[in-house]
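Enquirer: Chains as they are written, first to last, in the UniProt record's numbering: chain A, 1 to 374; chain B, 1 to 374.
For each residue, glycine too, the CB sits at the ideal point set by N, CA and C.
Number of protein chains: 2
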Amino acid sequence: MAQSADVKVLPDIQASKLKVTNTSRPLPKCEPEELGFGKVISDHMLMIQWSAAEGWNAPEIVPSGPIGLHPFSHVFHYAIECYEGMKAYKDSDGNIRMFRPEKNMERMNVSASRLCLPNFDGDELVKCIKELLRLDRDWIPQKKGYAMYLRPVMFSTTPWLGLTQCSEAMLFVLQSPVGPYFKSGYVPIKLHVDAKYIRAWPGGTGNVKFGGNYAPTVASQIAAAKAGCSQALYVYDKEEWVTEAGTMNMFFLIKSTSGTLQLFTPSLEDGCILPGITRLSVIELAKEWGTEVVEEPLPLKIVIDACEQDRCLEAFGTGTAAVLQPVGALQHNGKDYTLPEDGFAEGSFQMKMLAKLKEIQYGEIEHPWSVCIT
Amino acid sequence: MAQSADVKVLPDIQASKLKVTNTSRPLPKCEPEELGFGKVISDHMLMIQWSAAEGWNAPEIVPSGPIGLHPFSHVFHYAIECYEGMKAYKDSDGNIRMFRPEKNMERMNVSASRLCLPNFDGDELVKCIKELLRLDRDWIPQKKGYAMYLRPVMFSTTPWLGLTQCSEAMLFVLQSPVGPYFKSGYVPIKLHVDAKYIRAWPGGTGNVKFGGNYAPTVASQIAAAKAGCSQALYVYDKEEWVTEAGTMNMFFLIKSTSGTLQLFTPSLEDGCILPGITRLSVIELAKEWGTEVVEEPLPLKIVIDACEQDRCLEAFGTGTAAVLQPVGALQHNGKDYTLPEDGFAEGSFQMKMLAKLKEIQYGEIEHPWSVCIT
Numbered sequence: 001m002a003q004s005a006d007v008k009v010l011p012d013i014q015a016s017k018l019k020v021t022n023t024s025r026p027l028p029k030c031e032p033e034e035l036g037f038g039k040v041i042s043d044h045m046l047m048i049q050w051s052a053a054e055g056w057n058a059p060e061i062v063p064s065g066p067i068g069l070h071p072f073s074h075v076f077h078y079a080i081e082c083y084e085g086m087k088a089y090k091d092s093d094g095n096i097r098m099f100r101p102e103k104n105m106e107r108m109n110v111s112a113s114r115l116c117l118p119n120f121d122g123d124e125l126v127k128c129i130k131e132l133l134r135l136d137r138d139w140i141p142q143k144k145g146y147a148m149y150l151r152p153v154m155f156s157t158t159p160w161l162g163l164t165q166c167s168e169a170m171l172f173v174l175q176s177p178v179g180p181y182f183k184s185g186y187v188p189i190k191l192h193v194d195a196k197y198i199r200a201w202p203g204g205t206g207n208v209k210f211g212g213n214y215a216p217t218v219a220s221q222i223a224a225a226k227a228g229c230s231q232a233l234y235v236y237d238k239e240e241w242v243t244e245a246g247t248m249n250m251f252f253l254i255k256s257t258s259g260t261l262q263l264f265t266p267s268l269e270d271g272c273i274l275p276g277i278t279r280l281s282v283i284e285l286a287k288e289w290g291t292e293v294v295e296e297p298l299p300l301k302i303v304i305d306a307c308e309q310d311r312c313l314e315a316f317g318t319g320t321a322a323v324l325q326p327v328g329a330l331q332h333n334g335k336d337y338t339l340p341e342d343g344f345a346e347g348s349f350q351m352k353m354l355a356k357l358k359e360i361q362y363g364e365i366e367h368p369w370s371v372c373i374t
Numbered sequence: 001m002a003q004s005a006d007v008k009v010l011p012d013i014q015a016s017k018l019k020v021t022n023t024s025r026p027l028p029k030c031e032p033e034e035l036g037f038g039k040v041i042s043d044h045m046l047m048i049q050w051s052a053a054e055g056w057n058a059p060e061i062v063p064s065g066p067i068g069l070h071p072f073s074h075v076f077h078y079a080i081e082c083y084e085g086m087k088a089y090k091d092s093d094g095n096i097r098m099f100r101p102e103k104n105m106e107r108m109n110v111s112a113s114r115l116c117l118p119n120f121d122g123d124e125l126v127k128c129i130k131e132l133l134r135l136d137r138d139w140i141p142q143k144k145g146y147a148m149y150l151r152p153v154m155f156s157t158t159p160w161l162g163l164t165q166c167s168e169a170m171l172f173v174l175q176s177p178v179g180p181y182f183k184s185g186y187v188p189i190k191l192h193v194d195a196k197y198i199r200a201w202p203g204g205t206g207n208v209k210f211g212g213n214y215a216p217t218v219a220s221q222i223a224a225a226k227a228g229c230s231q232a233l234y235v236y237d238k239e240e241w242v243t244e245a246g247t248m249n250m251f252f253l254i255k256s257t258s259g260t261l262q263l264f265t266p267s268l269e270d271g272c273i274l275p276g277i278t279r280l281s282v283i284e285l286a287k288e289w290g291t292e293v294v295e296e297p298l299p300l301k302i303v304i305d306a307c308e309q310d311r312c313l314e315a316f317g318t319g320t321a322a323v324l325q326p327v328g329a330l331q332h333n334g335k336d337y338t339l340p341e342d343g344f345a346e347g348s349f350q351m352k353m354l355a356k357l358k359e360i361q362y363g364e365i366e367h368p369w370s371v372c373i374t
């Protein structure tokens, strides 16, 4: 009895304890056309501290400003950090809408577990995020294609150099009003199959949104640009299993040799790709539409063969930042494979999918994926 | 002509421009016995800022204190960060000695290149580090086994959410007086072969000192502890190629079936292990002593077979923090393999190696690897 009384249940995130400090120095806004992606920070950010001894502290909304940390903090040395990407949209009535936020919360907890960072109550964090959005609602652009990008990020601030389990952490939710992710708009891009660097491998961290998955890909981006391509397409092992492209999940609409239309996308089972929320939404909508979805380990050869035989009708990437990104060509072993132009024209599968996703995200149709904040 | 005049050569790190701001609030010191590893920070740190537009700014030695960064800084989100581990020793005459510092500078530049962080002149950085050590010389413990641990760390402070090449970075050199790394001293540890998580893979980042290599290993440490072991031994692929253990390189002294004594250590060629400086020093000394060094890709089976046939005489890890760590046992697929106790007793290969390294590091013998700072 005495023992069980000693077991202290540490506090989780509690939205009811949220403290708000309004900014006294509003930050400069810019025209929507000048926004680009992730350059501008809005007036306020959400900050929650955690320690192994005390659990989650009361959440705080504070003016956006520098984060000051002990120089030994684990985030600087051992990359104990994970993040999420979410968007909030303004509908034509001026309501704020989030897209499947509970999925981001689930995934962030999976990422945190892999890195031995603390877990949290996702519903409570979403409540805090809603308050943040309400406070900075004037920062959310209303134009279609524009949104408030939300960046939840958690990292270990454990202040010693030994590589140990996390004893102190911080969680932030940052806000950035954004325009369309790719400068070139919905113009198809060319992907460069990266043979030198491997993004993820079985037993690694490709299935979680871990900061360390991204740093090594800058070199691949540069290699892709040198090859005249926009992004890298990552594969692994001798079979060249397809994983991701840039920071997106990949889809290929292929006609089988017997004439069936199939939407191929790498499966989650090898743990090498991120379980994207746009990816999941595309799979679910495609199935609703009666399209056959082949969610299996995908050797690049299936794609290349289909390209050579004019059976690869469409290819596109998915992600929160880009939503849908048409792919017009692949470069593999120095050889270019060009996809048909009507694959990304009006009336194509991906353009219908993009329109549907936008309808839902901007609240043009009622849909359970769109969470309206009044 | 006009064009070449436009090519602006950006400044590199210049020790002659070093600015020193002495602390006005000295930090509390503790007894050497209470130091542990990396818990205490000394009074001063070296800080150098870099930008793509201006190159390296003048180096500054400033009082150790919090690092304040824009919340969008790439280090928090995409783990664009690399570090080094070095030690400075005080010899019996009170001189400060560094161990092969030029090797750390070379490796840090390789790490930086892989992450598309800026390179720098290592000789100039070493000059700045020497000034830092001189300033905080009272912090360096003189007792054998103790040292000033130096932590150079560089990260991208690029302040936007797009994953791009680095436009702003900071380099710090932090100082921490340390005692012996492993609490248990030179007591052998037991390694747990981790079958679930893979530390590194060809085409990945195992060969550079990238923060992202370390975060995912905390889970392996916990799994090792649960299995009654001290550290994880990382292998990859079906052949179970040996890579590293904990944060150390690995060595196995094995008697061949024909009776030859061979020192096995995984080679660098697959890019899956860090080119350790203690590792290199052990290889070079072993060769000097006439020991046959087998530096090749090492399948775990070679080690397990040798253990089963009582031919694995010794095993040890190497690293800057630990220097040499005796290994007394391995656990693989639930089975324990115990190494002979005289393998880590006085007179063993590894104890002679450790004594030799310490003689050099503490300046008990003159050796070109020990750089004396007067």
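According to the neighbour-count rule (16 or more other Cβ atoms, all chains shown, within 10 Å of its Cβ), is P11 of chain A buried or exposed?
Expert: Reading the first sequence from its first residue, position 11 is the one you call residue 11 of chain A. That one is exposed.
Enquirer: If we ignore side chains and look at the alpha-carbon of each, how far apart do A147 of chain A and A219 of chain A end up?
Expert: The residue you call residue 147 of chain A lines up with position 147 of the first sequence. The residue you call residue 219 of chain A lines up with position 219 of the first sequence. One C-alpha to the other measures close to 29 Å.
Enquirer: Hey, could you find the ends of the alpha helix (DSSP H) P101 of chain B is sitting in?
Expert: Here the question's residue 101 of chain B lines up with position 101 in the second sequence. Here the alpha helix (DSSP H) through P101 of chain B covers 101-114.
Enquirer: Quick one: is the Cβ of P216 of chain A within less than 6 Å of any heavy atom of the ligand FMN?
Expert: Absence of the ligand FMN is noted for the structure shown, with no ligands found whatsoever.
Enquirer: If L253 of chain A sits next to F349 of chain A, beta carbons under 8 Å apart, how far is it from one beta carbon to the other, in whole angstroms?
Expert: Walking along the first sequence from the start, residue 253 of chain A turns up at place 253. Walking along the first sequence from the start, residue 349 of chain A turns up at place 349. Right, their Cβ atoms sit about 5 Å apart.
Enquirer: Touching or not, the region 76-88 of chain B and the region 209-217 of chain A, by the rule of three or more beta carbon pairs under 8 Å?
Expert: Segments in contact, yes.
Enquirer: Could you work out which residue in A:A112, A:T247, A:L354, A:M98 is closest to W369 of chain A when comparing CA atoms only?
Expert: Residue 369 of chain A sits at position 369 when you count from the first residue of the first sequence. W369 of chain A has its Cα closest to that of A:M98, out of A:A112, A:T247, A:L354, A:M98.
Enquirer: With a threshold of 8 Å, are at least 3 pairs of Cβ atoms found where one atom belongs to the region 156-168 of chain B and the other to the region 87-107 of chain B?
Expert: No, they do not touch.
Enquirer: Run down chain B in chain order and give the residues with a C-beta less than 7 Å from the C-beta of V187 of chain A.
Expert: Within the first sequence, numbered from 1, the residue matching residue 187 of chain A stands at position 187. Under the 7 Å cutoff, chain B gives no residues; its nearest Cβ is about 18 Å from V187 of chain A.
Enquirer: Please report whether the beta-carbon of V371 of chain A lies at a distance below 7 Å from any beta-carbon of chain B.
Expert: The sequence position of residue 371 of chain A within the first sequence is 371, counting from 1. Cβ-Cβ to chain B under 7 Å: no for V371 of chain A.
Enquirer: Taking the alpha carbon of S73 of chain A as the reference point, which residue from B:W56, B:H74, B:K39, B:I61 has its own alpha carbon closest?
Expert: Within the first sequence, numbered from 1, the residue matching residue 73 of chain A stands at position 73. Minimum Cα distance to S73 of chain A is reached at B:K39.
Enquirer: I'd like the list of long-range same chain contacts for L115 of chain B, defined as Cβ closer than 7 Å, with 5 residues on each side in sequence excluded.
Expert: In the second sequence, residue 115 of chain B corresponds to position 115, counting from 1. For L115 of chain B, where only same-chain residues beyond five positions count, the Cβ hits under 7 Å are I80, C82, F210.
Enquirer: Can you find a CB in chain A that lies within less than 7 Å of the CB of residue 390 of chain B?
Expert: Residue coverage of chain B in this structure runs from 1 to 374, which leaves residue 390 of chain B outside it and unanswerable.
Enquirer: Between S64 of chain A and I48 of chain A, is the Cβ-Cβ spacing less than 7 Å?
Expert: Sequence index remark: in the first sequence, residue 64 of chain A carries index 64 (1-based). Sequence index remark: in the first sequence, residue 48 of chain A carries index 48 (1-based). The answer is no: Cβ separation not under 7 Å.
Enquirer: Which residues does DSSP list as the beta-bridge partners of V126 of chain B?
Expert: Numbered from its first residue, the second sequence carries residue 126 of chain B at position 126. None; V126 of chain B has no bridge partner.
Enquirer: Under 7 Å, Cβ to Cβ, is there at least one residue of chain B near F76 of chain A?
Expert: Looking up residue 76 of chain A in the first sequence gives position 76. So yes, F76 of chain A belongs to the interface.
Enquirer: From what residue to what residue does the beta strand (DSSP E) around C166 of chain A run?
Expert: Locating residue 166 of chain A in the first sequence gives position 166, where the first residue counts as 1. From DSSP, C166 of chain A is part of no beta strand (DSSP E); its letter is neither H nor E.
Enquirer: Pick helix, strand or coil for K8 of chain A, following the three-state DSSP scheme.
Expert: In the first sequence, residue 8 of chain A corresponds to position 8, counting from 1. Note: K8 of chain A maps to coil in three-state DSSP.
Enquirer: Do K90 of chain B and Q175 of chain B have their C-beta atoms closer together than 7 Å?
Expert: What you label residue 90 of chain B is simply residue 90 of the second sequence in a count that begins at 1. What you label residue 175 of chain B is simply residue 175 of the second sequence in a count that begins at 1. Contact: no.
Enquirer: Please compile the residues from chain A whose C-beta is within a distance smaller than 8 Å of the C-beta of P66 of chain B.
Expert: Residue mapping note: residue 66 of chain B aligns to position 66 of the second sequence, counting from 1. Going along chain A in sequence order, the residues near P66 of chain B (Cβ under 8 Å) are G68, L69, H70, P71.
Enquirer: Helix, strand or coil, according to DSSP, for L261 of chain B in the structure here?
Expert: In the second sequence, residue 261 of chain B corresponds to position 261, counting from 1. DSSP places L261 of chain B in strand when its eight states are reduced to three.
Enquirer: Please say whether H44 of chain A and L150 of chain A have beta carbons closer to each other than 7 Å?
Expert: Residue numbering aside, residue 150 of chain A sits at position 150 when the first sequence is read from its first letter. Residue numbering aside, residue 44 of chain A sits at position 44 when the first sequence is read from its first letter. Not a contact, by the Cβ cut-off of 7 Å.
Enquirer: Figure out for me which residue from A:A306, A:L274, A:I13 has the closest Cα to the Cα of E124 of chain A.
Expert: Stepping through the first sequence from its first residue, residue 124 of chain A is reached at position 124. Looking at the Cα atoms, A:I13 is the closest of the given residues.
Enquirer: Would you call the CB atoms of Y234 of chain B and D194 of chain B closer than 7 Å?
Expert: To locate residue 234 of chain B, count along the second sequence from 1; it is residue 234. To locate residue 194 of chain B, count along the second sequence from 1; it is residue 194. Yes; because the gap between Cβ atoms is below 7 Å, this pair is in contact.
Enquirer: Exposed or buried, Q3 of chain A, counting other C-beta atoms within 10 Å across all chains shown (16 or more means buried)?
Expert: Taking the first residue of the first sequence as position 1, residue 3 of chain A is located at position 3. Low confidence applies to Q3 of chain A: its pLDDT is 47, below 50, so where it sits in the model is not reliable, and the reading given next is rough at best. By the neighbour-count rule (16 or more Cβ atoms within 10 Å), Q3 of chain A is not buried but exposed.
Enquirer: Considering only the beta carbon of each residue, do I273 of chain A and G203 of chain B sit closer than 7 Å?
Expert: Sequence index remark: in the first sequence, residue 273 of chain A carries index 273 (1-based). Sequence index remark: in the second sequence, residue 203 of chain B carries index 203 (1-based). Cβ distance not < 7 Å, so I273 of chain A and G203 of chain B don't count as in contact.
Enquirer: Name, going along the chain, the residues of the region 17-40 of chain A whose beta-carbon falls closer than 7 Å to a beta-carbon of chain B.
Expert: So the list reads F37, G38, K39, given in the order they occur along the chain.
Enquirer: Please report whether the beta-carbon of I302 of chain A lies at a distance below 7 Å from any beta-carbon of chain B.
Expert: Taking the first sequence and counting its residues from 1, the one referred to as residue 302 of chain A is at position 302. Answer no: the Cβ-Cβ gap between I302 of chain A and chain B never drops below 7 Å.
Enquirer: Between P266 of chain A and P297 of chain A, how many whole angstroms is the CB-CB distance? I'm expecting something under 8 Å.
Expert: For the purposes of this step, residue 266 of chain A is taken as residue 266 along the first sequence, with counting starting at 1. For the purposes of this step, residue 297 of chain A is taken as residue 297 along the first sequence, with counting starting at 1. P266 of chain A to P297 of chain A, Cβ: 7 Å. Contact.
Enquirer: If you scan the region 1-88 of chain A from start to end, which runs of the alpha helix (DSSP H) of 4 or more residues do you find wholly inside it?
Expert: Runs found: 2-6, 74-77.
Enquirer: Shortest alpha-carbon distance to I67 of chain B belongs to which of B:G85, B:M86, B:L46?
Expert: Start at 1 with the first residue of the second sequence, and residue 67 of chain B comes out as number 67. Of the candidates B:G85, B:M86, B:L46, the one whose C-alpha sits nearest the C-alpha of I67 of chain B is B:L46.
Enquirer: If the criterion is Cβ atoms closer than 7 Å, does the pair F316 of chain A and V303 of chain A meet it?
Expert: Looking up residue 316 of chain A in the first sequence gives position 316. Looking up residue 303 of chain A in the first sequence gives position 303. Cβ atoms of F316 of chain A and V303 of chain A: not closer than 7 Å.
Enquirer: Would you call the region 16-23 of chain A and the region 47-61 of chain A touching, i.e. three or more CB-CB distances under 8 Å?
Expert: Touching, per the Cβ criterion.
Enquirer: Do C372 of chain A and Y337 of chain A have their CB atoms nearer than 7 Å?
Expert: Start at 1 with the first residue of the first sequence, and residue 372 of chain A comes out as number 372. Start at 1 with the first residue of the first sequence, and residue 337 of chain A comes out as number 337. Cβ atoms of C372 of chain A and Y337 of chain A: not closer than 7 Å.
Enquirer: In the structure shown, what three-state DSSP assignment does A215 of chain B receive?
Expert: Translated into the one-based positions of the second sequence, residue 215 of chain B becomes position 215. Coil, per DSSP.
Enquirer: In the DSSP assignment, find the unbroken alpha helix (DSSP H) run with Q325 of chain B in it and report its ends.
Expert: Taking the second sequence and counting its residues from 1, the one referred to as residue 325 of chain B is at position 325. Not the alpha helix (DSSP H): Q325 of chain B falls in the beta strand (DSSP E), residues 323-332.
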